[in-house]
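Notes follow the structure.
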Amino acid sequence: MALNRLASLIALTVVVWLSIVFGLFIVFRVIFEISLPWQNMLAPAIIGVSRVILSAMVGIAWLLVWWKLANLYLWRKLKRRE
Amino acid sequence: MVFSGILFCIGFLVTFLTTPLLARMNRKLGIVGIDAHKTNKRKIPEMCGLGVTLGLIFSAILAALFFGLEAKPILALVLCVSTAAAIGVADDLGPLSSRLKPVLTTIAAVPIVLLGAYSPYMAIPFLGTTRLTIVYPVLVIIAIPVLANSINMMNPFNGAMSGTCSMLSLAMITYLLLLGHFSEAILPAALLGSLLAFHWYNKYPAKVFSGNAGDLSIGAAIGALTIIGRIEVPMLIAMIPHITNAFYLLSSVGGLRERREMPYRPTRLLEDGKLEATEDGKAPVTLSRLILAEGPLRENEVVNIMIILTTVSSLLGLLTILFLRR
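Protein sequence lines correspond, in order, to chains A and B.
Heads up: the first sequence is residues 289 to 370, going by this note's numbering.
Heads up: the second sequence is residues 377 to 702, going by this note's numbering.
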């Protein structure tokens, strides 16, 4: 079992971990703290919807980063093997 | 700790004794699968992961009756795991469509929500506890099918599911003990005992297969115990190999697809019995394909790497606990 292979996969796992921790920080410290400068009947709904949309965008960003990294790793290794 | 030890032994014994019986019964009934990653293409009895389900349910009932554990979470766990097992059995006997299976597994989450076997206060790294009164039940309904199906997708090789899930159960016990949730650590101990007994039969070269019944119920059990134990974020981290594998697979094949619906395979078996990653651009991207991208390996070596990666992610989960401010 090559240690190189294991090291690359562990590095991928660590990157995913960091992205999750950072993403959670952004969602709960930044997005969930959003407020509007005015108060009316629509404000809570606008805030709620914006929080959901922005959190979903962070989630999609996570997934895109993971996807790009996995593909980059796979095709680089397969090309090198050829 | 003593109760955890006793339930670990009970879970181990029940699964160790029932798995060969299930194997014999399923072989007799013709419920067998082909070991695709062997040159001799042996037929192996399927659906034997129900031994783990039985071990966990039996231990959970004993815990409620004799160890004074609260009945509500145990009832939620038993209902959740049995529902997932029933869906898995239906899938093993007459395959369910790739879209129907995840939808059906959401039913397994319903007992947890209806019985209120959760706490809407979630511990987030660096931030402390956040109240998610409205969002949390929705997260439960999403989390159980996602976890159950991602465990199901992480079972391509002999011992992969049982080995990695044993590691996840051990991680769960460690997190719960570190956070001082001692009574919640009893049930994961039973799951660990059951999984280790099952791994004895399922490890390379496998004598039994877990089947969808085993995979889905074990995944649902891990999800339910995570929610009951309030260790959502560390377990999300510990399950990075499982979750990323499921995500890579789904995004590379463009949505929910069953194995039989995928004409291109991520790996192929070589004449010397080793496995190799395929170069086909249309083949799904999976964790096993990433592991094999650098060169061929034996099946048990791939599984060992999967277990090592789950160990690393479990350690990262442990590190995350240090960032949780309660």
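Even for Gly, the Cβ is constructed at its ideal location relative to N, Cα and C.
8 Å Cβ cutoff met for residue i and residue j
i	j	result
W305/A	I616/B	yes
L625/B	T686/B	no
F585/B	F313/A	no
L645/B	T415/B	yes
E560/B	A290/A	no
L592/B	N528/B	yes
I335/A	L342/A	no
L297/A	I613/B	no
A536/B	T481/B	no
L654/B	R674/B	Note that residue 654/B is Thr in the sequence shown, not Leu. For T654/B and R674/B, no; Cβs fall outside 8 Å.
D468/B	I562/B	no
Y361/A	L294/A	no
V678/B	F533/B	yes
V309/A	T696/B	yes
L472/B	M548/B	no
P521/B	P478/B	yes
V465/B	A589/B	yes
V302/A	L357/A	no
I500/B	V378/B	no
Below-8 Å beta-carbon distance, residue i vs any chain B residue
i	result
K356/A	no
I314/A	no
V304/A	yes
V318/A	no
A290/A	yes
N359/A	yes
L330/A	no
I308/A	yes
L324/A	no
I335/A	no
I348/A	no
Chain A within 8 Å of residue i, Cβ atoms only
i	result
T550/B	no
E670/B	yes
F502/B	yes
I616/B	yes
F623/B	yes
I463/B	no
S627/B	yes
A499/B	no
A653/B	yes
L451/B	no
In DSSP terms, what residue i is bridged to
i	result
V408/B	P421/B
Y512/B	DSSP lists no partner for Y512/B.
G504/B	I500/B
A653/B	T643/B
L398/B	L398/B is not bridged to any residue.
L673/B	L651/B
L700/B	P501/B
Supposed contact pair residue j and residue i - C-beta distance, whole angstroms, cut 8 Å
i	j	result
A439/B	I450/B	6 Å
V516/B	I463/B	In fact, because the Cβ distance is near 17 Å, the residues do not count as touching under 8 Å.
L698/B	A566/B	Wrong, their Cβ atoms sit about 27 Å apart, outside the cutoff.
M498/B	T509/B	Wrong, their Cβ atoms sit about 11 Å apart, outside the cutoff.
A573/B	T395/B	7 Å
I619/B	S526/B	6 Å
S380/B	M543/B	Actually they do not touch by this definition, with Cβ atoms about 17 Å apart.
M611/B	G556/B	Actually they do not touch by this definition, with Cβ atoms about 17 Å apart.
A484/B	C456/B	5 Å
V346/A	V315/A	6 Å
N621/B	M530/B	5 Å
T540/B	I683/B	6 Å
V688/B	P660/B	With 8 Å as the limit, V688/B and P660/B do not qualify as a contact, their Cβ atoms being about 23 Å apart.
S627/B	H575/B	That pair is no contact at about 30 Å.
Cβ-based neighbour list, residue i, same chain, cut-off 6 Å, excluding 5 preceding and 5 following
i	result
S570/B	G387, T391, V428, G431, L432
A519/B	G599
V607/B	The residue you asked about is not Val; residue 607/B is Ile in the sequence shown. Within the same chain, I607/B has close Cβ partners Y551.
K583/B	Y577
A452/B	P487, I488, L491, A493
S307/A	W350, V353
D656/B	Y640
S495/B	R606
Chain-order list of residues whose beta-carbon lies under 8 Å from that of residue i (same chain, five-residue window excluded)
i	result
L398/B	P421, M423, C424, L426, G427, V584
Any non-hydrogen atom of the ligand PLP within 7 Å of residue i CB
i	result
S689/B	Only the bare structure without any ligand can be found here, which leaves the ligand PLP out of the picture.
Chain-order list of residues whose beta-carbon lies under 7 Å from that of residue i (same chain, five-residue window excluded)
i	result
Y580/B	N534, G535, E675, N676, V679
I322/A	I335, S338, R339
L554/B	I697
F623/B	none
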